[in-house]
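Everything on this sheet refers to the single structure shown next.
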Amino acid sequence: MTKIQFLFVSLLILLLTSCGSSKKAAAVSKVEFELEKQYQLYKGVPYKYGGTDRRGFDCSGFVGKVYKDGLKTQLPRMTKDMATMGKKVSKHSLKPGDLIFFRPSRKYRHVGIYVGDNLFMHSSTSKGIIKSKLDNVYWKKKFRYAKRILIY
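Residue numbers -25 to -1, 1 to 127, in mature numbering (1 follows the signal peptide of the UniProt record, and there is no 0), belong to the letters of the sequence shown in order.
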């Protein structure tokens, strides 16, 4: 193979691989944009057990609403059913849109949506719709696993 052929093939490979990367980056950016848009719509809306609208959300009601309206994906209504979907991902491999599952007590489960930068949005019983840090002392201890529903 001549030097020119080698350079041409190398350039072609670089272009082809960067196209895939940019498509993935664009998909992630779109998800981040939609998540932030949904967060701004509902930020501060109070917690309400069984709630699925602006009058109040429980954790799965909020996650379901964001996925349906912002990400055009239907999820089951209950946290335990959401947990059966998707593929498990490690905490260090999280991408925006991944569901984060917690176990605050033996009887109670909690779900939020990872938004990037070590943050997730969720419906807090005390503060309503907020963003919290994954490494917060409370959430760090209660974290169980994450699931990827969206395909990038």
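Using N, Cα and C, we set each Cβ at its ideal position, and we do this for glycine too.
Of the candidates 125, 116, 100 and 22, the residue whose Cα lies closest to the Cα of residue 88 is 125.
In this chain, residue 120 is not harboured by any alpha helix (DSSP H); it is covered by the beta strand (DSSP E) spanning 118 to 123.
In the DSSP secondary-structure assignment, residue 76 is bridged to 86 and 120. Spanning the alpha carbons of residue 41 and residue 13 requires a straight line of approximately 6 Å. The count of Cβ pairs closer than 8 Å, one atom from the stretch 13 to 26 and one from the stretch 97 to 105, reaches three, so the stretches are in contact. Taking residue 72 as the centre and dropping the five residues before and after it, the same chain places the C-beta of 6 and 125 closer than 6 Å to its C-beta, in chain order.
Runs of the beta strand (DSSP E) lying entirely within the stretch 25 to 78 and spanning at least 3 residues, in chain order: 62 to 64 and 74 to 77. It is roughly 9 Å from the alpha-carbon of residue 35 to the alpha-carbon of residue 55. Residue 25 counts as exposed, since fewer than 16 other beta carbons sit within 10 angstroms of its beta carbon.
One thing to note: residue 121 has its Cβ no nearer than 8 Å to the Cβ of residue 47.
When the Cα atoms are used, residue 9 and residue 37 turn out to be separated by approximately 14 Å. Rounded to the nearest angstrom, the gap between the Cα atoms of residue 92 and residue 113 is 18 Å. Annotation for residue 98: the continuous beta strand (DSSP E) segment containing it runs 94 to 99.
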